[in-house]
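Per our numbering, numbering of the first sequence is gapless, rising by one per residue and ending at 297.
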Amino acid sequence: MNIPINGTFSFRECLWFLNRNFDDCMHTTGVDYVRKAILINDQPVLFEIREGKQELVVSILHGNNTAVTQKAIEDFIHEWFDLSRDLSQFYDQLSSHKDVSYMSRDFAGLRLIGIPDLFEAICWCIIGQQINLTFAYKTKRRLVEKYGGKVTYEGQDYYTFPSPEALADASPDILREMQFSGQKVVYLIGIATVFKEERMSKALLLALPDVAAQQKALTAIKGIGIWTANYTLMKTLRIPSSIPYGDAGLLNALIAHKIISDKKDLDALNEFFRYFKGWESYLVFYLWRSLAPQNG
DNA sequence: GCCCAGGACTATG
DNA sequence: CATAGTCATGGG
2 MNIPINGTFS FRECLWFLNR NFDDCMHTTG VDYVRKAILI NDQPVLFEIR
52 EGKQELVVSI LHGNNTAVTQ KAIEDFIHEW FDLSRDLSQF YDQLSSHKDV
102 SYMSRDFAGL RLIGIPDLFE AICWCIIGQQ INLTFAYKTK RRLVEKYGGK
152 VTYEGQDYYT FPSPEALADA SPDILREMQF SGQKVVYLIG IATVFKEERM
202 SKALLLALPD VAAQQKALTA IKGIGIWTAN YTLMKTLRIP SSIPYGDAGL
252 LNALIAHKII SDKKDLDALN EFFRYFKGWE SYLVFYLWRS LAPQNG
């Protein structure tokens with residue numbers, strides 16, 4: 002199965018971001034491929050993406066290779082890699098700003114890697130709140146290996162994120178042993194229950210009239226603050242204007258580029274983002290990219 | 001030992 | 001509405 006590539010796209014850049022020298026259990030990267038397991042109609046499917054000349058070459062490694070499955074994988078990849086977006090306007094704006102113009106060259110073709118599953122995105126936020134990313138990925142792996150789904154292929158395990166049902170019924174003691182804080186255990190199980198009871202879902206969020214209403218609906222849930230709400234809107238709904246205010250990595254990147262003087266310099270932050278109206282979330286993503294060394 | 005980490009909640013002026 | 005304290009533990 003092939004997925005054609007339109008516009009500026011770099012598989013290499015996307016692959017680099019998926020790895021970033023972190024141990025993300027939700028996918029597996031190699032030098033020229035990424036493998037990921039997802040659920041299609043509740044059935045686990047493992048696929049692999051490689052780069053062709055003008056297309057992505059997708060192979061199904063596990064699961065029924067039907068037209069329905071292929072279509073679902075294709076849709077997922079489009080959403081995951083944001084393939085339908087035309088970045089030319091973003092690059093125009095980037096290249097005309099002295100502090101970040103280099104990004105339009107160095108990171109050319111990097112797409113905002115999303116988290117299509119709303120529940121997974123929110124849980125990942127909870128897990129990552131106020132701890133370093135290395136530790137966050139470590140605890141996420143423990144959670145996913147215990148409560149998630151698994152596909153084994155050629156001796157290697159690939160995981161799907163735990164369902165709300167599985168996490169809602171998870172043992173608080175076991176979660177504590179995984180080194181989640183007491184508060185995070187309450188948040189995770191609480192949010193899983195909210196999803197299980199269908200008091201929150203991607204469809205429900207999409208039905209709301211505007212971003213403000215979506216932020217309000219998300220932050221009404223215990224454990225979801227404004228940072229988590231905006232991170233989720235950026236990664237799952239791909240709201241272009243969504244900025245995870247207060248994000249430690251974002252603020253450090255802005256300081257490193259001398260765009261803000263310190264972490265409380267909100268005036269300079271707002272002025273900077275005003276210049277990139279409509280592409281705020283992409284800019285945040287590129288700033289995160291800038292935090293790590295080239296070609297990691 | 002110290003400070004920070006891709007925060008959120010609650011209590012207090 | 002703005003600030004302070006609390007949680008909880010790894011990484012540098």
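We put the beta carbon where it would ideally sit given N, CA and C, even for glycine.
Using 8 Å as the threshold, is the C-beta distance between residue i and residue j below it?
| i | j | result |
| --- | --- | --- |
| residue 176 | residue 163 | no |
| residue 270 | residue 277 | no |
| residue 82 | residue 114 | yes |
| residue 57 | residue 74 | no |
| residue 190 | residue 171 | yes |
| residue 138 | residue 25 | yes |
| residue 123 | residue 61 | no |
Just curious, the alpha helix (DSSP H) that residue i is in, first and last residue?
| i | result |
| --- | --- |
| residue 63 | Segment 56-63 is the beta strand (DSSP E) holding residue 63; no alpha helix (DSSP H) there. |
| residue 188 | 183-197 |
| residue 93 | 89-96 |
| residue 160 | Careful: residue 160 lies outside any alpha helix (DSSP H), inside the beta strand (DSSP E) at 157-161. |
| residue 20 | 12-20 |
| residue 373 | Lying outside 2 to 297, the shown extent of the chain, residue 373 is not represented and no answer is given. |
| residue 128 | 119-129 |
| residue 271 | 267-275 |
For residue i, which residues of its own chain have a beta-carbon under 6 Å away from its beta-carbon, when the five flanking residues on both sides are left out?
| i | result |
| --- | --- |
| residue 282 | 235, 241, 243 |
| residue 216 | 230 |
| residue 71 | 2 |
| residue 201 | 195 |
| residue 203 | 119 |
| residue 221 | none |
Over the uninterrupted beta strand (DSSP E) stretch that includes residue i, give me the two end residues.
| i | result |
| --- | --- |
| residue 47 | 44-52 |
| residue 150 | 150-154 |
| residue 35 | 35-41 |
| residue 165 | No beta strand (DSSP E) holds residue 165; the alpha helix (DSSP H) holding it covers 165-169. |
| residue 4 | 3-5 |
Between the C-alpha atoms of residue i and residue j, what's the straight-line distance to the nearest angstrom?
| i | j | result |
| --- | --- | --- |
| residue 85 | residue 40 | 22 Å |
| residue 31 | residue 37 | 12 Å |
| residue 296 | residue 197 | Because residue 296 sits at a pLDDT of 43, beneath the cut-off of 50, its placement in the model cannot be relied upon, and the following sentence gives the value as read from the coordinates. Going by the C-alpha atoms only, they are around 40 Å apart. |
| residue 49 | residue 211 | 36 Å |
| residue 69 | residue 46 | 12 Å |
| residue 128 | residue 92 | 33 Å |
| residue 275 | residue 90 | 15 Å |
| residue 9 | residue 174 | 48 Å |
| residue 185 | residue 53 | 42 Å |
| residue 178 | residue 6 | 44 Å |
| residue 292 | residue 29 | 22 Å |
| residue 59 | residue 51 | 6 Å |
| residue 149 | residue 44 | 13 Å |
| residue 259 | residue 272 | 13 Å |
| residue 232 | residue 245 | 5 Å |
| residue 4 | residue 55 | 9 Å |
| residue 253 | residue 263 | 9 Å |
Assuming residue i and residue j are in contact, meaning their beta carbons sit under 8 Å apart, how far apart are those beta carbons, in whole angstroms?
| i | j | result |
| --- | --- | --- |
| residue 219 | residue 251 | Not confirmed; about 19 Å, so no contact. |
| residue 238 | residue 206 | 7 Å |
| residue 111 | residue 18 | 6 Å |
| residue 141 | residue 125 | 7 Å |
| residue 154 | residue 63 | 5 Å |
Within 7 Å: the Cβ of residue i and any heavy atom of the ligand NAD?
| i | result |
| --- | --- |
| residue 66 | This structure does not include the ligand NAD; it has no bound ligands of any sort. |
Going by beta carbon distance, what residues of the same chain come within less than 7 Å of residue i, once the five residues before and after it are set aside?
| i | result |
| --- | --- |
| residue 95 | 101, 102, 104, 105 |
| residue 158 | 151 |
| residue 80 | 115, 117 |
| residue 98 | 276 |
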